[in-house]
Each structure stands twice: as C-alpha cells, then as structure tokens.
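Position one of the sequence shown corresponds to residue 191 (my numbering), numbered consecutively onward. Backbone N, C-alpha and C fix where the C-beta goes; we use that ideal spot for every residue, glycine too.
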Amino acid sequence: MNPTTQPNLQDASLLESVARKAETLAIRLGQIADEWRPAVFASSLGAEDMVITDAIVRKHLPIEIFSLDTGRLPAETYDLMHEVQRRYDLKLKLYYPRNDLIEDYTRENGINAFYDSVALRKACCHIRKVEPLQRALANRKAWITGMRAQQSATRDGLPLQQYDEANKLEKFNPLSDWTEQEVWAYIRTHDVPYNKLHDRFYPSIGCAPCTRAISLGEDVRAGRWWWEDPTSKECGLHVKNPNVVSIIR
Ligand code: SF4
C-alpha cells in the first residue's frame, strides 16, 4: 500500500485544514471565473488536477477544462480521462500535437529520441505539449494549473497568481499552498476519481516513457525525466517568472 495516497482520515487537524482550504479553493476559483473570463483550467489529470476539476464541477463554474493528449500517455491516464468524462458528465476538451511536426521529429530523430539529449527531449515536449498549450490558451484571459510549491525544486516559492509572460495571460495556481496529504485527504473524502498509477508510487505522471515510479522519501517529481538534472527539468509548460503578483489569497 502507498501511504501517501492513503492519508489518515482520523486526523482531525488534517480534515479541518482540508475543509478550510477546500472552501478557499472554491472562493478562489469563483473569483477567477468572475474576474478573468474566459479562464481555462489545464488539467494533466494528476491528483491535484482532479481536486480542481471536482471543485469546478461542484460549483458549476464557467471555466473550460482541457487536457493535452501527447499521444504518449500511459493507459491508466486514458482510463482516467474516460472515467472523468463519464462521472462528471464533462465535455473534456483534448488538444493534440500537430501531425506534421510529430512526423518530421520522429523521422529525423527517432521515436524515442527524447532519451538522447536534453535538447531533443525539450523539442519533443515543445511539439507534444507546448505548442498545443499555446493553441489552448489563445484568446483566454487566464489559465489555472494544479501546481503546488512543494512539488519540486523548480516549483519552490510558487505564487497563487503570476503573469505568464510566455503565453501573455494571467496564471493561477490555486493549490500552491496545499500539501500532498491535503490533496489526498480531499480526494478520499470527496470520492474523487484518480489515476491508479498514484497507488503504485507515481506521484507525478506525464508521458509513459518519461515517467517512472519513485521510492519513499524521493522528491515528488524524481520520477519525471529522471535522467536529467533535477533543478532544471520542466516540460516548458510552466516557465518560472520573477514578475509575480499575489492578489487572490
Ligand atoms: Fe516527449 Fe517525454 Fe516530453 Fe512526453 S514527456 S512530450 S514523450 S519528451
């Protein structure tokens, strides 16, 4: 059993903290929906993203939810997509990479070229994630992510709100101050569907060939691009920006 995904639901202080943060989350999302329309939520279908999805659907907020289907996701992620669409009766919008870019990349470099160099890994992430994200964010005022400050060295100090210079719109991280235990306590107490790989020690799940299980005590994102330097590995979707403001608390 993975103790991370099974928090102690007899712990009154944990439940109290989750209830308080869930209330704050609903308020934050409501404010974003009101003040930054059209806002979208980019769901990677990770545990945090399922908390936000649940909160958006519960409040019937006018925030579109989309995911990026890179074409290399684990089968368990597709299972979850299907479950989410059915359980919440959700029109989950999926964005796909451009065929021509994928065809050129794989012909030139090989189907698994992301293992060969950081540059080729980043090029693959750009084609399969960054470019589709740019299309998903076009003509939006704000986007929402499920990132938390505690997730990794690259996310330390993550604010609740920041201006996304790369994509030219506001970006909100409403779970930035949540702990992993709080995320899982929310999932368990609200019966939220989640990716079954989490129970098998995959705290952070991306594409299948670039994600592995971790050992207890390892950094939450140690299983992502594990062959690279941990202080610099991000997919390009979340560029750290020093130009930070925090309006919503
Ligand atoms: Fe490509 Fe791996 Fe990035 Fe997925 S995570 S887009 S397979 S390099």
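Please state if the CB of residue j and the CB of residue i are separated by a distance shorter than 8 Å.
i: A232; j: L323; result: yes
i: I377; j: P264; result: no
i: L270; j: Y392; result: no
i: K319; j: L258; result: yes
i: L199; j: I253; result: no
i: E266; j: P287; result: no
i: L251; j: A209; result: no
i: T335; j: K361; result: yes
i: Y295; j: C314; result: yes
i: V308; j: Y278; result: no
i: R262; j: C397; result: yes
Out of curiosity, what's the CA-to-CA distance linking residue i and residue j?
i: P197; j: M191; result: 11 Å
i: S436; j: Q351; result: Low local confidence applies: a pLDDT of 29 at S436 is under 50, so the model's placement there is unreliable, with the coordinate-based value given in what follows. Roughly 5 Å separates the two Cα atoms.
i: S405; j: T194; result: 11 Å
i: K386; j: A237; result: 10 Å
i: L205; j: Q371; result: 10 Å
i: V382; j: D419; result: 33 Å
i: W368; j: R297; result: 43 Å
i: R439; j: H388; result: Low confidence applies to R439: its pLDDT is 27, below 50, so where it sits in the model is not reliable, and the reading given next is rough at best. Roughly 29 Å separates the two Cα atoms.
i: P349; j: W226; result: 17 Å
i: A326; j: V230; result: 9 Å
i: E355; j: L427; result: 12 Å
i: V434; j: R390; result: Summary for V434: the model assigns pLDDT 32, below 50, so the residue's position carries little reliability; its value from the coordinates is reported in the next sentence. Distance between the alpha carbons of V434 and R390: 36 Å.
i: Q340; j: V373; result: 12 Å
i: K211; j: A245; result: 11 Å
i: C400; j: G407; result: 20 Å
i: F256; j: Q275; result: 11 Å
i: H380; j: G347; result: 28 Å
i: I317; j: I292; result: 7 Å
i: A403; j: V410; result: 10 Å
i: Q221; j: K249; result: 12 Å
i: D201; j: Y305; result: 43 Å
i: Y353; j: T260; result: 25 Å
i: R338; j: N363; result: 7 Å
i: Y268; j: S207; result: 32 Å
i: P228; j: D290; result: 30 Å
For residue i, report the span of its alpha helix (DSSP H) as first-last.
i: Y376; result: 370 to 379
i: S359; result: Here residue 359 turns out to be Leu, not Ser, going by the sequence shown. Where L359 is concerned, there is no enclosing alpha helix (DSSP H), although the beta strand (DSSP E) it sits in stretches over 359 to 362.
i: I242; result: 237 to 248
i: E213; result: 202 to 225
i: Q324; result: 321 to 327
i: D290; result: 289 to 299
i: A403; result: A403 -> no alpha helix (DSSP H), and no H or E assigned at all.
i: R311; result: 308 to 315
Considering just the uninterrupted stretch of the beta strand (DSSP E) at residue i, what are its terminal residues?
i: A332; result: 332 to 334
i: Y353; result: 351 to 354
i: V274; result: It is not in any beta strand (DSSP E) - V274 instead sits in the alpha helix (DSSP H) that spans 265 to 277.
i: A232; result: 229 to 232
i: K283; result: 283 to 285
i: L258; result: 254 to 258
Give a yes or no on contact between the region 210 to 226 and the region 241 to 249, applying the rule of three or more CB pairs nearer than 8 Å. With a cut-off of 8 Å on Cβ pairs, the region 210 to 226 is in contact with the region 241 to 249, counting three or more such pairs.
Would you check if the region 279 to 299 and the region 405 to 418 touch, i.e. whether three or more CB-CB distances between them fall below 8 Å? Result no; under three Cβ-Cβ pairs closer than 8 Å.
At a cut of 8 Å, does the region 324 to 339 reach the region 301 to 316 through at least three beta carbon pairs? The region 324 to 339, when compared against the region 301 to 316, does not touch it at the 8 Å Cβ threshold.
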